[in-house]
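A short worksheet on the structure shown next.
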Amino acid sequence: MTVHETRSGSGLILPEYASDDASHAPLDSPEYRSSTLRHPKQPLQYLPQYLTEVTGPLLGQDRCGAHDDDLTTQHDGEPLGERIIVSGKVLDSSGKPVPNTLVEIWQANAAGRYLHQGDRHPAPLDPNFSGTGRCMTDAEGNYRFVTIKPGAYPWRNHDNAWRPAHIHFSLFGQAFTQRLITQMYFPGDPLFSQDPIFNSVRDEKARERMISRFDLDSTEPEWALSYKWDIVLRGPQATVFEDEEEEDDD
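So the working numbering is basically just the index in the sequence shown, starting at one, shifted up by 359.
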């Protein structure tokens with residue numbers, strides 16, 4: 360990503376970051392059929408942000424409930440599926456931790472179905488799993504979730520199309536107008552090669568940065584396996600983020 364300065368309506372000079380075309384998916388990716396149907400047809404127009412949009416409201420620990428970071432304890436019973444721990448750090452371009460960042464996740468259940476009225480996959484819903492969570496990064500930039508490993512699911516992009524198991528991540532800055540969205544995948548998934556969303560990121564190393572790694576050291580014996588995934592906001596090692604125009608539940 361590259362940076363340049365823009366002047367807001369209030370006269371405040373603010374940094375603005377542009378995507379690196381080599382590692383970010385194009386808005387129109389023919390293999391990803393729905394992107395062709397919904398991507399912007401006209402050049403994007405810059406809307407200047409004023410001081411109120413840039414500086415507030417602050418998103419703090421009060422935004423998180425007692426069980427928001429453990430998706431397996433949000434209901435009366437335990438959800439079905441493989442319990443896992445997903446953790447890592449949020450880092451800046453220099454590798455320094457980014458504290459007090461609101462991290463949200465959403466995902467399908469173990470059968471590959473979202474708790475969403477638009478999901479028509481004929482797989483069972485789990486009454487004990489909603490598939491959403493949130494937490495704040497600590498002083499060292501750490502985040503941690505306990506959840507269920509999501510299942511793969513079919514989608515109607517092409518014949519016999521299936522999405523690899525993945526978890527959606529959303530990161531907020533100091534306000535709701537400062538938001539980044541991405542997806543985390545699991546190592547060794549056999550569906551990578553035929554998934555046009557994953558492969559819309561043309562750079563191989565950038566795709567690899569979207570894949571978590573199995574971490575035996577942080578596994579809790581006889582309870583849950585663990586996956587590590589660090590999120591880098593900017594720089595040559597940056598995690599690939601989605602453009603807001605492309606955001607959906609895929």
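Every residue, glycine too, gets a C-beta built ideally from N, C-alpha and C.
In the DSSP assignment, the beta strand (DSSP E) including PHE504 goes from what residue to what residue? Position 145 of the sequence shown, counting from 1, holds the residue named residue 504. Counting along the chain, the beta strand (DSSP E) containing PHE504 begins and ends at 501-507.
Mapping the DSSP letters down to three states, classify PHE551 as helix, strand or coil. Taking the first residue of the sequence shown as 1, we reach residue 551 at position 192. PHE551: helix per DSSP, three-state reduction.
For HIS554, which residues of its own chain have a beta-carbon under 7 angstroms away from its beta-carbon, when the five flanking residues on both sides are left out? Your numbering for residue 554 matches position 195 in the sequence shown. Position check: residue 554 holds Asp in this sequence, whereas His was assumed. Same-chain partners within the cutoff: ARG522 and PRO523.
Closest by C-alpha distance to LYS564, when choosing among ALA597, SER552 and PHE545: Reading the sequence shown from its first residue, position 205 is the one you call residue 564. LYS564 has its Cα closest to that of ALA597, out of ALA597, SER552 and PHE545.
Which whole-angstrom value is the C-beta distance of THR432 and TRP465, which I expect to be below 8 angstroms? Working through the sequence shown from its first residue, we reach residue 432 at position 73. Working through the sequence shown from its first residue, we reach residue 465 at position 106. 17 angstroms between Cβ atoms; not a contact.
How far does the alpha helix (DSSP H) with GLU567 in it reach, from first residue to last? The residue labelled residue 567 in the question sits at position 208 within the sequence shown. From DSSP, the alpha helix (DSSP H) with GLU567 extends over 563-567.
Look at PRO438 and ALA467 and say whether their C-beta atoms are less than 8 angstroms apart. Your numbering for residue 438 matches position 79 in the sequence shown. Your numbering for residue 467 matches position 108 in the sequence shown. Not closer than 8 angstroms, so no.
Taking DSSP as the reference, what is the three-state secondary structure of PHE600? Stepping through the sequence shown from its first residue, residue 600 is reached at position 241. The answer is coil: DSSP assigns PHE600 none of H, G, I, E or B.
Round the Cβ separation of LEU592 and PHE531 to the nearest angstrom and send it over; I've been treating them as touching at under 8 angstroms. Taking the sequence shown and counting its residues from 1, one reaches residue 592 at position 233. Taking the sequence shown and counting its residues from 1, one reaches residue 531 at position 172. Their Cβ separation, rounded to whole angstroms, is 12 angstroms, which puts LEU592 and PHE531 out of contact at 8 angstroms.
Would you kindly check if the distance between the Cβ of ALA498 and the Cβ of PRO458 is under 8 angstroms? Counting from 1 along the sequence shown, the entry for residue 458 is found at position 99. Counting from 1 along the sequence shown, the entry for residue 498 is found at position 139. Going by C-beta atoms, PRO458 is nearer than 8 angstroms to ALA498.
Going by DSSP in three states, ARG397 sits in which element: helix, strand or coil? For the purposes of this step, residue 397 is identified with residue 38 of the sequence shown, where counting begins at 1. ARG397: helix per DSSP, three-state reduction.
Of the residues ILE540, PHE504 and LYS587, which one's Cα is nearest the Cα of HIS527? Locating residue 527 in the sequence shown gives position 168, counting from the first residue. Closest by alpha carbon: ILE540.
Could you check if GLN408 is buried or exposed, using at least 16 other CB atoms within 10 Å of its CB as the buried criterion? Here residue 408 refers to the residue found at position 49 of the sequence shown. Answer is buried; the Cβ neighbour count reaches 16.
Compare the Cα-Cα distances from TYR512 to each of GLY500, GLU581 and HIS480 and report the closest residue. As a first step, residue 512 must be located in the sequence shown, where it is residue number 153. It is HIS480.
Could you check whether ALA469 and ILE507 sit closer than 8 angstroms to each other, using their CB atoms as the reference points? As a working mapping, residue 507 is identified with position 148 in the sequence shown. As a working mapping, residue 469 is identified with position 110 in the sequence shown. Cβ atoms of ILE507 and ALA469: closer than 8 angstroms.
Sort out for me which residues DSSP pairs TRP521 with in a bridge. Sequence index remark: in the sequence shown, residue 521 carries index 162 (1-based). The partner list for TRP521 (beta bridge, DSSP) reads PRO513.
Tell me whether ARG493 sits in a helix, a strand or coil according to DSSP, three-state version. In the sequence shown, residue 493 corresponds to position 134, counting from 1. Strand, per DSSP.
Taking all protein chains shown into account, do 16 or more other C-beta atoms lie within 10 angstroms of the C-beta of LYS448, making it buried, or fewer, making it exposed? Numbered from its first residue, the sequence shown carries residue 448 at position 89. Answer is buried; the Cβ neighbour count reaches 16.
Per DSSP, cross-strand counterpart(s) of PHE531: Position 172 of the sequence shown holds residue 531. According to DSSP, PHE531 bridges with LEU461 and ARG538.
Taking C-alpha atoms, which residue in ILE590, GLU581 and PHE600 lies nearest to VAL560? Residue mapping note: residue 560 aligns to position 201 of the sequence shown, counting from 1. Closest by alpha carbon: PHE600.
Nearest-angstrom Cα separation, counted from CYS494 out to PHE573: Looking up residue 573 in the sequence shown gives position 214. Looking up residue 494 in the sequence shown gives position 135. Rounded to whole angstroms, PHE573 to CYS494 spans 21 angstroms at the Cα level.
Inter-residue spacing [alpha-carbon to alpha-carbon] between PHE504 and GLN542: What you label residue 504 is simply residue 145 of the sequence shown in a count that begins at 1. What you label residue 542 is simply residue 183 of the sequence shown in a count that begins at 1. Going from the Cα of PHE504 to the Cα of GLN542 covers about 15 angstroms.
Using only the alpha-carbon positions, how far apart do LEU484 and HIS475 sit? Reading the sequence shown from its first residue, position 125 is the one you call residue 484. Reading the sequence shown from its first residue, position 116 is the one you call residue 475. Taking the straight line joining both Cα atoms gives about 10 angstroms.
My guess is that GLY440 and ASN487 are in contact by the Cβ rule of under 8 angstroms, so how many angstroms apart are they, rounded? Stepping through the sequence shown from its first residue, residue 440 is reached at position 81. Stepping through the sequence shown from its first residue, residue 487 is reached at position 128. No, GLY440 and ASN487 are not in contact; Cβ-Cβ is about 10 angstroms, not under 8 angstroms.
Could you give the first and the last residue of the continuous beta strand (DSSP E) run that contains SER446? To locate residue 446, count along the sequence shown from 1; it is residue 87. 442-450 is the span of the beta strand (DSSP E), which, as asked, contains SER446.
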